[in-house]
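Input: a single structure, listed below in structure tokens.
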Amino acid sequence: MDDLRIIEALLFSCEDILTQKKVDLCFDDLNSPDLDKTVRILNTEYEQSNRSFFIQKISSGFRIVTHPIYSEWIKKMYKDNSNLSQPALETLAIIAYKGPVTRSDIESIRGVGCVGVLKTLLDRKLIKINGRSKDIGKPLIYVVTNEFLIAFGIGSVSELPKLKEVNEIINQNPAS
């Protein structure tokens, strides 16, 4: 069998992200293909044949995603009515930009309680608990997940726009 097509099949069937470790587990021998190299080859094929999808790096692995130019039609198909509330978006932004953070860190920035919002974000798997702080009471520490990265179409939190850039955009487009 062609390793390229095997990797492609694994990418299509993988529920979250495909990592080199998962690829290594799928190949019995020691000749496991290099995932980074294979993805570059596949993406070149997809680009040359004008495919509607590509393979995106997400955290430590890869996932097949549709090109953003098709988002208008995809949104119509799914009619997403599960948008996050403003408090949830604010909390998520704090965790993404300042994380790892505790609940008290978030509440001190937002100025209001966030227990319900944290539960919503945990339920949607956009954040996860990443241990406990050494602070008094050993509060839980929150970080964003791979699902967050996928939802926002980025490979890591370092790809988020810098806060300065966000402020410049907001100042250029004040609300009417």
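If you count the sequence shown from 1, position 33 lands on 29 in the numbering used here, and the numbers rise without skipping. Beta carbons are placed, not taken as given, at the ideal position from N, Cα and C, and that holds for glycine.
By Cβ distance, which residues of its chain are closer than 6 Å to S9, with the 5 residues on each side in sequence left out?
-> none
Report buried or exposed for Y196, applying the criterion of at least 16 other Cβ atoms within 10 angstroms of its Cβ.
-> Limits of the chain in this structure are -3 at one end and 172 at the other, which puts residue 196 out of reach.
Can you tell me whether V144 is buried or exposed, with buried defined as 16 or more other CB within 10 angstroms of its CB?
-> According to the sequence provided, residue 144 is Phe. The question's Val does not apply to it. Buried, since its Cβ has 16 or more Cβ neighbours within 10 Å.
Residues bridged to Q16 (per DSSP) = Paired residue(s): none; Q16 is not in a bridge.
What did DSSP end up calling K121 once you bin it into helix, strand or coil?
-> Here K121 sits in coil by DSSP.
Closest to R1 by CA distance: which of D12, S152 and T34 is it?
-> T34
What's the C-alpha gap between N39 and Y93?
-> Here the C-alpha atom of N39 lies approximately 30 Å from the C-alpha atom of Y93.
Rounded straight-line distance, which links the Cα of G112 to that of I90 = I90 and G112: Cα-Cα distance of roughly 15 Å.
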